[in-house]
Amino acid sequence: MEAKQEVKRYKCKYCGEEFDKPVRLAQHIRVKHKRAKKREKEKIKRETASERINRVIEAVGILKGLQVSPNLSEGEKKILDDVLKRFEDFIASMQK
Ligand SMILES: [Zn+2]
Numbered sequence: 139m140e141a142k143q144e145v146k147r148y149k150c151k152y153c154g155e156e157f158d159k160p161v162r163l164a165q166h167i168r169v170k171h172k173r174a175k176k177r178e179k180e181k182i183k184r185e186t187a188s189e190r191i192n193r194v195i196e197a198v199g200i201l202k203g204l205q206v207s208p209n210l211s212e213g214e215k216k217i218l219d220d221v222l223k224r225f226e227d228f229i230a231s232m233q234k
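Right under this line is the structure:
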């Protein structure tokens, strides 16, 4: 006896319409929700940019921790200063 196969449905997240194949769903989204999908993509891009800023801010925090380390020579401190300044300029330009 054959086990009853559960039919998997692929539900459109934009309008709730259901499809039996992911290809059909993708096709439907492409045709019916082109703009919604584009908007979503742009939203993701924005989030990625702010995530990137957060990572840079984190790196700056680590570098600032290093800067006060007593083991650094004057030359190394100077390099760290330059790097930090560059990071801070970058953050400032991203947050404009
Ligand atoms: Zn839909």
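Here the sequence shown stands for residues 139 to 234, where the numbers follow my numbering. Where is the CB? At the ideal position from N, CA and C, for every residue including glycine. It should be emphasised that the depicted structure is a prediction, and the values quoted were computed from it without experimental measurement.
Check: Can the beta-carbon of residue 160 be found less than 8 Å from the beta-carbon of residue 152?; Outcome: no
Check: With respect to 7 Å, is the separation between the Cβ of residue 152 and the closest non-hydrogen atom of ligand 1 below this value?; Outcome: yes
Check: Counting only the same chain and skipping the five closest in sequence on each side, list residues whose C-beta sits under 7 Å from that of residue 190.; Outcome: none
Check: Less than 8 Å between the beta carbons of residue 225 and residue 187, yes or no?; Outcome: no
Check: Rounded to whole angstroms, how far is the Cβ of residue 158 from the Cβ of residue 145, which I believe are closer than 8 Å?; Outcome: 7 Å
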